[in-house]
Structures are given as structure tokens and as C-alpha cells.
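Our numbering puts the first residue of the sequence shown at 183, with every later residue one more than the last. Heads up, the beta-carbon is just placed ideally off N, CA and C, and yes, glycines get one too. These notes are about the structure you will find just below.
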Amino acid sequence: MQDLNRIFIMGRLGNDPKMYTTKSGHPFAGLSVATHRPSAPDEGGETKETTDWHFIRVWGKQAQNCAKYLNKGQGVMVEGYLTQYVQTKEDGEGERKTGINAIRVNFLPRASAQQEPN
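Below, the structure is given as C-alpha cells:
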């Protein structure tokens with residue numbers, strides 16, 4: 183059996199991309215991407231929209247392009263894989279996190295003033 187670890191996320195940036203550097207000196211861009219989905223029905227059968235936030239790490243030249251050309255609110259389509267890493271907190275303790283490492287980030291077209299609904 184072949185293993186598979188691939189994820190596709192299409193959503194909007196919650197903030198401008200931010201550049202970080204790993205302990206070993208490798209730069210990466212951090213993207214905070216919001217996606218929306220319906221929640222489970224409540225007792226009355228109504229569903230509401232739920233927002234999920236995804237932290238995506240982008241590496242190399244692609245990271246530089248994201249930091250240079252993407253802005254808060256812009257749509258992106260991300261192809262990547264799930265990964266676990268340890269993030270050091272302010273108290274020095276390590277916290278295990280799950281995130282997405284990007285393989286490809288597609289910038290979605292911005293809506294022009296003519297395309298926006300009235």
C-alpha cells in the first residue's frame with residue numbers, strides 16, 4: 183500500500199504573510215488561511231458557517247513571492263502536506279503543533295471593483 187499525505191486548502195488570508203526563520207537559519211513565510219464550512223445542525227436543524235484557521239509554511243523562492251505579493255483578504259489555493267513540529271513557547275517549553283507545509287501556492291485573482299456585488 184502506498185502512503186498518501188496531501189492536502190488542498192482554498193481560502194483567504196487572515197493577515198499579511200509574515201517571514202520567519204527556523205533555528206537552523208532557513209527562512210519561510212507563514213500564511214494564516216481561513217476556510218469556511220457548515221457546522222453540524224443544532225437542535226432546530228439549522229446550520230451555521232464555521233471558520234477554520236490553517237497555518238501554512240511556505241519555503242524558498244515561493245515564500246519570498248508570497249511575502250512580496252500577497253495581502254490580507256486575498257484568496258489562495260494551497261497544495262501541501264500535513265506535518266508535525268515543535269514550537270518553543272515563551273517559557274521555553276516545546277509545544278507540539280500540526281501544520282501544513284506548502285508544495286504550491288496559487289494566488290487567486292482579486293475581485294475588481296466591477297466584479298464586486300453592489
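Within 7 Å, strictly: CB atoms of residue i and residue j
i: N283; j: T270; result: no
i: V215; j: I189; result: no
i: G276; j: V268; result: yes
i: N187; j: Y251; result: no
Closest residue to residue i among the options (Cα-Cα distance)
i: H208; options: H218, D198 and V240; result: V240
i: R286; options: E275, E272 and E261; result: E261
i: W235; options: G226, E225 and R219; result: R219
i: M259; options: D185, M192 and G227; result: M192
i: F210; options: G242, L290, P291 and R292; result: G242
i: T217; options: S206, E231 and M183; result: E231
Burial state of residue i, where buried means 16 or more other Cβ atoms lie within 10 Å
i: N288; result: exposed
i: N300; result: For N300, the predicted model reports a pLDDT of 45, less than 50, meaning its position is unreliable and no value from the coordinates is stated.
i: L290; result: exposed
Integer Cβ distance of residue i from residue j, believed to fall under 8 Å
i: G196; j: K279; result: Contact doesn't hold; Cβ gap of about 17 Å is too wide.
i: G257; j: R194; result: 5 Å
i: T233; j: S221; result: In fact, because the Cβ distance is near 10 Å, the residues do not count as touching under 8 Å.
Taking 8 Å as the threshold, find out whether the segment 243 to 250 comes into contact with the segment 188 to 206 through three or more Cβ pairs. yes
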